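Chains as they are written, first to last, in our numbering: chain A, 78 to 209; chain B, 12 to 268.
Have a look at the structure below before the remarks.
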């Protein structure tokens, strides 16, 4: 099983430990496309783990987020599509998104000192449940 | 409704749950020998039969794989519900170098924090007697994260060079740990960095501070040629000194896994 399982486990343990015992109406998971997460695998792993942790979620939504970068050296902003990365860079960034600084430079000034403004990895964007 | 939560904060303690003792090699200054000492301590502990992990948190200059002779073109962590460290000489090694290869990787605080959380939340260590950590120098984001996430199991090894410039920063570092209730397991005074002639003077300065156990690592010019070759590393005085420290650690904590 690939490492999407570990990412799903983070979400499942978070819901179980921080909000234990609740039934959730909906969770929305932001998925930055930089990390090339396989959504089918993530969804499969998450549903399995939510069952294991006995966390009830009525609806899971995923929102994919484009990659936006901004150079700290020259101020240039640009968007990056995962297919623009080579195979090796794509694989390394899949595990650790910060590896992008090893492979990609600012297209305008060549600096590796830039910020990933959007689209880095996964996070919980929204959780909704009925207030007791 | 809640928004923008980072679920990794909850996973990191779970990933570290089966680790008994965490030994970060810390110093206020760079160039005192943390990488060599942490790598060889992991090696000597593994040689003693303990289950050992080595985590390289010096993200912008990871080098433990070079000490142990691991080829980044060949070594890559396997995936199994997370990522499994690469085994080398009986040590489970995890380093950002697996993912950045030999490319320059400048990271600011925000990125250091993200990389720390990512690597700690997906690495499956399993049961370990000891996790040795090669730390970046000083008290930056990584050190503060180690204190935040690992405090309960933390026994820092404070490394000092044999230089007058190391004395006050080292004492300050130990005081800072003491203020938050963490007692370093040992101070390692490395003659290989600085001047061996100053050893006695510096030792005196530390002994006045009542620091506790102090280990001496004598200068050994063979170390430079031994990097990358574990068999040669085992013949150095650095390894011999750390073998003694390993015996002490095993006597103190025992083997649990």
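We put the CB at the ideal spot given by N, CA and C, even for glycine.
What you are looking at is a predicted structure, and each value in this text was computed from that prediction instead of being measured.
Check                                                                                                                  : Outcome
Cβ-based burial, residue 81(A) [other Cβ within 10 Å; buried from 16]                                                  : buried
Nearest to residue 133(A) (by Cα), restricted to the options 123(A), 107(A) and 139(A)                                 : 123(A)
Residue 205(A) - partner residues in DSSP beta bridges                                                                 : 103(A)
C-alpha gap between residue 111(A) and residue 174(A), whole angstroms                                                 : 7 Å
Beta-bridge pairing of residue 155(A) - partner residues as DSSP gives them                                            : 146(A)
Minimum Cβ-Cβ distance from residue 80(B) to chain A less than 7 Å                                                     : no
Own chain, CB closer than 7 Å to residue 222(B), minus 5 neighbours either side, in chain order                        : 185 and 198
Cα-Cα separation between residue 98(B) and residue 87(A), rounded to whole angstroms                                   : 25 Å
Residues of the segment 119-139 of chain B with Cβ closer than 9 Å to any Cβ of chain A, in chain order                : 119, 121, 122, 123, 125, 126, 129, 130, 132, 133, 134 and 135
Positions along the segment 80-113 of chain B whose CB lies within less than 7 Å of some CB in chain A                 : 90, 91, 92, 93, 94, 107, 110, 111 and 112
At least three beta-carbon pairs within less than 8 Å, the segment 93-112 of chain B to the segment 256-266 of chain B : no
Minimum C-alpha distance to residue 50(B) - residue among 249(B), 120(B) and 262(B)                                    : 249(B)
Per DSSP, cross-strand counterpart(s) of residue 10(B)                                                                 : The displayed coordinates of chain B run from 12 to 268. Any statement about residue 10(B) would go beyond what the structure contains.
Residue 13(B), DSSP secondary structure in three states                                                                : Reliability fails at residue 13(B), whose pLDDT of 49 lies under 50, so the model's placement of it is uncertain and no value is given.
Stretch pair the segment 28-43 of chain B + the segment 122-130 of chain B: three plus CB contacts closer than 8 Å     : no
Residue 65(B) and residue 143(B) closer than 7 Å at C-beta                                                             : yes
Per-residue burial, residue 179(B) [other beta carbons within 10 Å of its own, 16 or more giving buried]               : exposed
Interfacial residues, the segment 110-142 of chain A to chain B, with Cβ spacing under 7 Å                             : none
Minimum Cβ-Cβ distance from residue 179(A) to chain B less than 7 Å                                                    : yes
Contiguous alpha helix (DSSP H) assignments of at least 4 residues, all confined to the segment 127-169 of chain B     : 152-161
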